[in-house]
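Scroll down for the structure; my scribbles are underneath it.
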């Protein structure tokens, strides 16, 4: 028998999510049996909503997944000395037993098992031609791909670490885990990334001819064919598959139906619950959300405020850049010392905003990077300048002549554009770049597999140095 498809707590999570966003109509209950959950498509839809809501835990996109990459790469500084989160990884002193990111690893695999249970349970309801079930499978595959992709970027060395990506990736979980199943092992990075791209390519095909399952919210609140292709393009970026990255971003940009925000719209978009014109996929919050959000740690009105903008980051912006003090960086004096806070995700509780996971700006800069590697420097420079000059109306057009120049400018632009969005350290790692005070080859530049996981499963390879 399969493990319980969703736990009581997960049932409550999706019911809370949907009660205010009205993504679906489900009778509130905290006791849903497997038979009730999957007796019809409505039950499967409810479980799918619960899977989306799991991404908004503090172990995932409401703290750890978003904060860790900016914190360790030098975009974030602590504003106090005690009772702070992620201090061990910030100091590169994490170990496999007590790492602050251990629960992130565990939560992703809980999510994966729930998604696999949803896909397996739903497959028993009807034939594969049913549009609702095809849509369910497509969205489930996207969630599974996102979870595996995040695990790869956090708990494994980058795809290019070995010439053939034969080094360890992560455990790929494509079916519900049963108690008597053989203990899993880590797939190679090549095999792990292929599992991610396979899921996304299948999802894009499955979306054809289907309609959103979870009604009542914005289309950006769940995966669709456009956001699936955007995520696929990003995975190919991490593989250094430049042609595929270029082709998929180009299609999203040209045919995805989204447009870049203007300079005037940019700062305000970060305090709005309405998706911007360039939003591709974001994680919804119910209107009366009362849990912990990124704003608890970033917000200028939060009693839990602990993260500020590093001088190393703030120096990257000109005085007229809307992403800097002209728009999104907020001065604040704490105990007599002047700091800057981010204007991204500053709201708390009912004032918190959805977490932006995929934006069109990312597609433009990925296309630029791919174009540069493909020796299409004209396209690369045009894309780069479109983002630079959107952010800073006073900026002059950059005229760059070499691939190395363009790649370096794109890297700087990505740091400025995606600060506090959980990207910078991951960008450095995929390029095999060091930090100012720590070599790329340092063992602590990749997180440990939790010791509890390797204790239970001796076949699970630990990362070097732990």
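In the UniProt record's numbering, the protein residues as written are 1 to 466. Backbone N, C-alpha and C define an ideal beta-carbon position, used for all residues, glycine too.
In angstroms with no decimal places, state the Cα-to-Cα distance between residue 105 and residue 450.
-> Against the chain shown, residue 105 aligns to sequence position 105. Against the chain shown, residue 450 aligns to sequence position 450. Rounded to the nearest angstrom, the two C-alpha atoms are 8 Å apart.
Please check the pair residue 370 and residue 406, which I expect to be a contact at CB under 8 Å, by giving their CB distance rounded to whole angstroms.
-> Taking the first residue of the chain shown as 1, we reach residue 370 at position 370. Taking the first residue of the chain shown as 1, we reach residue 406 at position 406. Residue 370 to residue 406, Cβ: 11 Å. No contact.
If you compare alpha carbons, which of 160, 148, 153 is closest to residue 197?
-> Counting from one through the chain shown, the residue named residue 197 turns up at place 197. The shortest Cα separation from residue 197 among 160, 148, 153 belongs to 148.
Just the C-alpha distance for residue 396 and residue 428, rounded to the nearest angstrom, thanks.
-> Position 396 of the chain shown, counted from the start, is the residue given in the question as residue 396. Position 428 of the chain shown, counted from the start, is the residue given in the question as residue 428. About 26 Å.
Does the beta-carbon distance from residue 183 to residue 228 come in below 9 Å?
-> Along the chain shown, one-based indexing puts residue 183 at 183. Along the chain shown, one-based indexing puts residue 228 at 228. Cβ distance not < 9 Å, so residue 183 and residue 228 don't count as in contact.
Tell me, to the nearest whole angstrom, how far the beta carbon of residue 187 is from that of residue 169; I am working on the premise that it is less than 8 Å.
-> Position 187 of the chain shown holds residue 187. Position 169 of the chain shown holds residue 169. The pair is a contact, with the Cβ atoms about 5 Å apart (cut-off 8 Å).
Cα-Cα separation, residue 119 to residue 175 = As a working mapping, residue 119 is identified with position 119 in the chain shown. As a working mapping, residue 175 is identified with position 175 in the chain shown. If you take the alpha carbons of residue 119 and residue 175, they lie about 8 Å apart.
Would you report the Cα separation of residue 195 and residue 252, rounded to the nearest angstrom?
-> Here residue 195 is taken as the residue at index 195 of the chain shown, counted from 1. Here residue 252 is taken as the residue at index 252 of the chain shown, counted from 1. For residue 195 and residue 252, the distance between alpha carbons rounds to 22 Å.
By DSSP, does residue 78 sit in helix, in strand, or in coil?
-> As a working mapping, residue 78 is identified with position 78 in the chain shown. Of the three classes helix, strand and coil, the one that applies to residue 78 here is strand, per DSSP.
What separation, rounded to the nearest whole angstrom, lies between the Cα atoms of residue 92 and residue 445?
-> Counting from 1 along the chain shown, the entry for residue 92 is found at position 92. Counting from 1 along the chain shown, the entry for residue 445 is found at position 445. Here the alpha carbon of residue 92 sits roughly 8 Å from the alpha carbon of residue 445.
Residues bridged to residue 356 by DSSP?
-> Within the chain shown, numbered from 1, the residue matching residue 356 stands at position 356. Paired residues: 282.
Looking at the structure shown, is residue 172 part of a helix, part of a strand, or coil, going by DSSP?
-> For the purposes of this step, residue 172 is taken as the residue at position 172 of the chain shown. Residue 172: coil per DSSP, three-state reduction.
Got a sec, what are the start and stop residues for the beta strand (DSSP E) residue 331 sits in?
-> Counted from its first residue, the chain shown places residue 331 at position 331. Where residue 331 is concerned, the enclosing beta strand (DSSP E) stretches over 329 to 334.
Closest Cα partner of residue 129 within the set 48, 80, 208, 273 = Position 129 of the chain shown, counting from 1, holds the residue named residue 129. Here the closest residue by C-alpha is 208.
Where residue 334 falls, given that 16 or more other Cβ within 10 Å makes a residue buried = Working through the chain shown from its first residue, we reach residue 334 at position 334. The residue in question, residue 334, is exposed, as its Cβ has fewer than 16 Cβ neighbours within 10 Å.
Counting pairs of Cβ atoms below 8 Å between the segment 305 to 312 and the segment 63 to 79, do you hit three or more?
-> Below 8 Å, enough C-beta pairs join the segment 305 to 312 and the segment 63 to 79 to call them touching: three or more.
Which partner residues does residue 338 have in the DSSP bridge list?
-> Position 338 of the chain shown holds residue 338. Partner(s): 333.
Assess, as a yes-or-no matter, whether the segment 342 to 361 is touched by the segment 294 to 301 under the definition of 3 or more beta carbon pairs within less than 8 Å.
-> yes
Looking at the structure shown, is residue 397 part of a helix, part of a strand, or coil, going by DSSP?
-> Taking the first residue of the chain shown as 1, we reach residue 397 at position 397. Residue state, collapsed to three classes: coil.
Do the segment 157 to 166 and the segment 238 to 252 make contact, defined as three or more Cβ pairs closer than 8 Å?
-> yes
Leaving out five residues before and five after residue 138 in sequence, what residues of the same chain have Cβ atoms less than 6 Å from its Cβ?
-> Reading the chain shown from its first residue, position 138 is the one you call residue 138. So the list reads 203, 206, 207, once near-sequence residues are dropped.
Any idea if residue 433 is buried or exposed, counting beta-carbon neighbours within 10 angstroms, 16 or more meaning buried?
-> Position 433 of the chain shown, counting from 1, holds the residue named residue 433. By the 10 Å Cβ count, residue 433 comes out exposed.
Straight-line CA distance for residue 275 to residue 218?
-> One-based indexing of the chain shown puts residue 275 at position 275. One-based indexing of the chain shown puts residue 218 at position 218. Rounded to whole angstroms, residue 275 and residue 218 show a C-alpha spacing of 8 Å.
Residue ranges of each alpha helix (DSSP H) within the UniProt domain "SusD-like N-terminal" (96 to 237), 4 or longer | 102 to 122, 131 to 155, 189 to 207
Using 10 angstroms around the beta-carbon of residue 98, count the other beta-carbons present and answer buried if the total reaches 16, otherwise exposed.
-> Within the chain shown, numbered from 1, the residue matching residue 98 stands at position 98. Looking at its Cβ environment, which holds fewer than 16 other Cβ atoms inside 10 Å, residue 98 is exposed.
Given residue 304, which residues of its chain have a CB within under 7 Å of its CB, disregarding the five upstream and five downstream residues?
-> For this step, residue 304 is matched to residue 304 along the chain shown. These residues qualify, in order along the chain: 296, 297.
Going by beta carbon distance, what residues of the same chain come within less than 6 Å of residue 425, once the five residues before and after it are set aside?
-> For the purposes of this step, residue 425 is taken as the residue at position 425 of the chain shown. A distance below 6 Å between beta-carbons, with the five flanking residues on each side excluded, links residue 425 to the following residues of its chain, in chain order: 69, 72, 73.
Reducing DSSP to helix, strand and coil, say where residue 307 ends up.
-> Position 307 of the chain shown, counted from the first residue, corresponds to residue 307. DSSP places residue 307 in strand when its eight states are reduced to three.
So what's residue 462 in DSSP terms, helix, strand or just coil?
-> The residue labelled residue 462 in the question sits at position 462 within the chain shown. Here residue 462 sits in coil by DSSP.
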